[in-house]
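In this note's numbering, the protein residues as written are 62 to 446.
Single-structure report; data block below.
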């Protein structure tokens with residue numbers, strides 16, 4: 062613990078500072094490449110002109126920190142909290158900002174060339190004159206972000222709502238970029254046509270804008286978690302839900318692959334976990350067999366935590382046998398008592414009941430509801446969901 066310490070200009074290269082408390086410390090001009098700063102507390106720290114290229118800042122608390130002119134080339138900033146941070150003219154080229162919180166950050170003149178902004182939060186960020194050449198934007202919250210005068214080229218916008226972005230009609234295009242159809246529809250067509258043309262999209266793409274404005278399809282992402290022996294059951298459920306307008310994918314043990322976790326303080330390698338998904342809703346197929354499998358239990362735990370943090374109904378239990386309908390074990394009884402259970406056990410033998418439950422499930426998945434709506438209520442119906 063060294064809060065408010067002043068070591069400006071010091072050479073601390075290759076140091077292991079995991080979890081270090083350096084709140085309000087003066088680290089300006091320090092050589093910290095490539096330090097291990099995993100989950101370090103750098104809140105309101107002075108990091109101006111600091112060399113942090115290749116550093117591991119995953120999960121670091123950088124709220125209110127001043128990183129103006131800092132070199133963060135290839136730095137790992139995944140899940141880092143940069144709320145209100147100042148990164149004026151900072152170099153974030155090739156940096157990984159997966160899940161980073163950049164709300165209200167000042168990114169004026171910063172370089173994000175080749176950076177990965179996956180599921181980052183850039184709400185109200187100031188990005189005037191920033192460099193986004195070859196930057197990947199995927200599911201980034203850009204509400205209120207000001208991109209006036211920013212540079213784009215070979216930039217990718219995937220699953221982003223651009224309707225609330227400021228200055229899109231005043232950016233510079235140095236090369237073509239990719240704007241996915243999912244971004245057009247998530248933005249409900251509210252994207253300046255000049256931005257799309259500058260990105261190199263064909264004139265015909267403008268025709269999608271009107272269609273996107275009128276489209277009411279839910280773009281929530283839903284996954285169906287199941288064990289391998291229930292994969293065919295899950296595929297049938299997926300198809301039935303898609304027919305009812307729910308975007309969903311099967312998330313069996315098989316598609317998760319083998320765990321691969323890299324935590325290198327001196328590289329840009331990230332934790333790569335194929336068994337994790339970023340989702341809005343999770344349907345868990347519960348049975349006597351699945352509730353004994355660790356990955357399914359982990360899915361349930363993660364979804365329950367997500368419900369607590371977001372206060373929205375995220376976990377949907379589908380019964381494929383009597384385990385959740387007529388629970389015998391304490392765990393199954395607790396799940397049934399705390400969560401609405403959809404009876405899907407009649408997929409083969411009782412199609413009428415199955416289709417009714419699928420319709421009920423689809424209606425619930427297409428809405429954003431408080432977590433309390435996922436708690437069983439007497440005589441729950443589609444109209445109550």
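We put the CB at the ideal spot given by N, CA and C, even for glycine.
Starting from the C-beta of residue i, find all residues in its chain whose C-beta is less than 8 Å away, skip the five residues before and the five after it, and write them out in chain order.
i: residue 242; result: 269
i: residue 327; result: Only weak support exists for where residue 327 lies, its pLDDT of 37 falling under 50; the coordinates are left without a value.
i: residue 69; result: 87, 88, 89, 90, 91 and 107
i: residue 402; result: 347, 378, 379, 380, 385, 386, 396 and 437
i: residue 146; result: 123, 124, 125, 126, 127, 128, 163, 166 and 167
i: residue 382; result: 348, 349 and 406
i: residue 368; result: 374, 375, 376, 432 and 435
Leaving out five residues on either side along the sequence, give the residues of the same chain with a beta carbon under 6 Å from the beta carbon of residue i.
i: residue 160; result: 139, 140 and 180
i: residue 253; result: 229 and 230
i: residue 394; result: 388
i: residue 239; result: 217
i: residue 154; result: 134, 172, 174 and 175
i: residue 344; result: 285, 377 and 379
i: residue 197; result: 177 and 217
i: residue 341; result: 281 and 282
i: residue 77; result: 97
Here's the rule: buried if 16 or more other CB atoms are within 10 angstroms of the residue's CB, otherwise exposed. What is residue i?
i: residue 142; result: buried
i: residue 436; result: exposed
i: residue 339; result: exposed
i: residue 370; result: exposed
i: residue 65; result: exposed
i: residue 187; result: buried
i: residue 389; result: exposed
i: residue 257; result: buried
i: residue 311; result: buried
i: residue 111; result: buried
i: residue 315; result: exposed
i: residue 157; result: buried
i: residue 333; result: Unreliable positioning characterises residue 333 in this predicted model, as indicated by a pLDDT of 41, which lies under 50. The coordinate reading is nonetheless provided below. By the neighbour-count rule (16 or more Cβ atoms within 10 Å), residue 333 is not buried but exposed.
i: residue 247; result: buried
i: residue 351; result: buried
i: residue 130; result: buried
i: residue 109; result: buried
i: residue 412; result: exposed
i: residue 73; result: exposed
Please report the distance separating the alpha-carbon of residue i from that of residue j.
i: residue 419; j: residue 374; result: 17 Å
i: residue 132; j: residue 422; result: 49 Å
i: residue 399; j: residue 379; result: 14 Å
i: residue 427; j: residue 295; result: 18 Å
i: residue 84; j: residue 135; result: 23 Å
i: residue 293; j: residue 408; result: 11 Å
i: residue 313; j: residue 234; result: 42 Å
i: residue 414; j: residue 298; result: 14 Å
i: residue 123; j: residue 168; result: 14 Å
i: residue 226; j: residue 113; result: 30 Å
i: residue 372; j: residue 300; result: 28 Å
i: residue 175; j: residue 222; result: 21 Å
i: residue 271; j: residue 219; result: 19 Å
i: residue 144; j: residue 151; result: 15 Å
i: residue 261; j: residue 192; result: 18 Å
i: residue 416; j: residue 302; result: 10 Å
i: residue 259; j: residue 237; result: 7 Å
i: residue 81; j: residue 424; result: 47 Å
i: residue 291; j: residue 71; result: 58 Å
i: residue 103; j: residue 208; result: 27 Å
i: residue 355; j: residue 410; result: 29 Å
Taking residue i as the reference, which of the options has the closest Cα?
i: residue 126; options: 406, 196, 105 and 184; result: 105
i: residue 171; options: 210, 238, 201 and 162; result: 210
i: residue 200; options: 309, 282, 395 and 70; result: 282
i: residue 79; options: 72, 189, 100 and 71; result: 100
i: residue 309; options: 260, 280, 153 and 291; result: 280
i: residue 353; options: 93, 367, 392 and 276; result: 392
i: residue 224; options: 273, 196, 148 and 237; result: 273
i: residue 189; options: 178, 212, 177 and 291; result: 212
i: residue 194; options: 183, 232, 182 and 288; result: 232
i: residue 289; options: 357, 148 and 275; result: 357
i: residue 137; options: 177, 81 and 148; result: 177
i: residue 306; options: 276, 102 and 291; result: 276
i: residue 317; options: 341, 304, 244 and 287; result: 287
Using a Cβ-Cβ cutoff of less than 7 Å, which residues in the same chain neighbour residue i once the five nearest sequence positions on both sides are dropped?
i: residue 185; result: 164, 165, 205 and 206
i: residue 365; result: 376
i: residue 202; result: 182, 183 and 184
i: residue 255; result: 230
Three-pair Cβ contact test at 8 Å for the segment 254–273 versus the segment 361–374 = no
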